[in-house]
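To start, the structure itself, in structure tokens.
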Amino acid sequence: MKLTVEIWRQAGPNHDGAFETVEVPDAEEQMSILELLDHINSGIVARGEEPYAFASDCREGICGTCGLMVNGRPHGPDQHAPACQQRLTSFSDGDHIKLEPLRSAAYPVIKDMVVDRSALDRVMQQGGYVSINAGTAPDADTLHQNSEQAELALDHAACIGCGACVAACPNGAAHLFTGAKLTHLSLMPLGKEERGKRARQMVDELETNFGHCSLYGECADVCPAGIPLTAVSSVTRERARAAFRGKDD
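Okay, so the sequence shown: first residue is 1 according to full-length UniProt numbering, each after it adds one.
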């Protein structure tokens, strides 16, 4: 399988970047996007040159580290799959592929396709915790939660924090990410004490670092975890609830 691959090369955050074209005559259909980069880098290292930098960790679609743009779309052409799970079966012999970092003002480029997504971490630091009584574990039946709430909480907890939603949004909004976290935590029996404080602080941090929701829904379309677009409404709902109940909740 022959491919022409354009890859973003940038020495650092204070340097200008540009695309470099690489011809790959021997790509295999079962390769993932990351394995394609591995294959390209192997040849570069063998020539004594500097390989392209990109982020990855588990390569099992769990950690969310591997985010990059493939032909202008976060992760790649397939829905509900991160870049490490996007296979070249979606492309044809002779295709042109463009690889670049996730594009957002909130994601400064560190090097090549590696970006700083710590703005998402700062949102979670403002409210991604719960208060519990230390000591022995409570009996299972002391924390009541029906199956519907538990399933809904798990659906939203599936967010892997890859940041694709921000890169897809023309306004650079992170409402799908923040809404998923707020929904998940609001449905759990633990953490009720922080619910209002969590909403206020997380939304304040969200609005400090990211843009306003575009209302187009591009975020849900590229989300590898399939977080529903309804999660966005939790940002407004939880903030309104916190404002109505006051600072003590």
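Ideal Cβ placement from N, Cα and C applies to all residues, glycine included.
DSSP beta-bridge partners of His96: Taking the first residue of the sequence shown as position 1, residue 96 is located at position 96. BP columns for His96 point to Thr4.
Simplified DSSP state of Ser104, which is helix, strand or coil: On the sequence shown, position 104 is the one that residue 104 refers to. In this structure, Ser104 counts as coil in the three-state DSSP scheme.
Beta strand (DSSP E) runs contained entirely in the UniProt domain "2Fe-2S ferredoxin-type" (1-103), provided each spans 3 or more residues: 3-9, 18-24 and 96-100
Beta-carbon spacing of residue 250, Val5 below 8 Å: Examination of residue 250 is not possible in this model, given that the chain is present from 1 through 249 alone.
Option nearest Gly43 by Cα separation, candidates Ser32, Gly246, Pro25 and Asp57: As a first step, residue 43 is located in the sequence shown; it is residue number 43 there, counting from the start. Residue Pro25 is the option with its Cα nearest to Gly43.
Same chain, Cβ closer than 7 Å to Cys162, five either side skipped, listed in chain order: Taking the sequence shown and counting its residues from 1, one reaches residue 162 at position 162. Result list for Cys162: Gly64, Gly67, Pro82 and Pro224, in chain order.
Residue range of the unbroken alpha helix (DSSP H) whose run includes Lys192: The residue you call residue 192 lines up with position 192 of the sequence shown. Where Lys192 is concerned, there is no enclosing alpha helix (DSSP H), given that its DSSP letter is neither H nor E.
Where Val123 falls: helix, strand or coil (DSSP): Here residue 123 is taken as the residue at index 123 of the sequence shown, counted from 1. Looking at Val123 - three-state DSSP - the assignment turns out to be helix.
Beta carbon of Ala153 nearer than 8 Å to that of Ala199: Numbered from 1 along the sequence shown, position 153 holds the residue referred to as residue 153. Numbered from 1 along the sequence shown, position 199 holds the residue referred to as residue 199. Cβ distance not < 8 Å, so Ala153 and Ala199 don't count as in contact.
8 Å Cβ shell around Asn41 - same chain, five flanking residues per side excluded: The count along the sequence shown starts at 1 and reaches residue 41 at position 41. Only Pro51 and Tyr52 meet the Cβ criterion.
Nearest neighbour of Met188, chosen from Val45, Gly226, Asn14 and His156 [CA to CA]: Taking the sequence shown and counting its residues from 1, the one referred to as residue 188 is at position 188. Answer by Cα proximity: His156.
Top-ranked residue by Cα proximity to Gly12, from Gly48, Phe177, Val114 and Gly128: Here residue 12 refers to the residue found at position 12 when the sequence shown is read from its first residue. Of Gly48, Phe177, Val114 and Gly128, the residue nearest in Cα terms is Val114.
Under 8 Å between C-beta atoms of Ala164 and Val222: Taking the first residue of the sequence shown as position 1, residue 164 is located at position 164. Taking the first residue of the sequence shown as position 1, residue 222 is located at position 222. Contact flag set, yes.
Closest by C-alpha distance to Leu102, when choosing among Met1, Ala231, Ser234 and Trp8: The residue you call residue 102 lines up with position 102 of the sequence shown. Comparing Cα-Cα distances from Leu102 to each of Met1, Ala231, Ser234 and Trp8, the minimum goes to Trp8.
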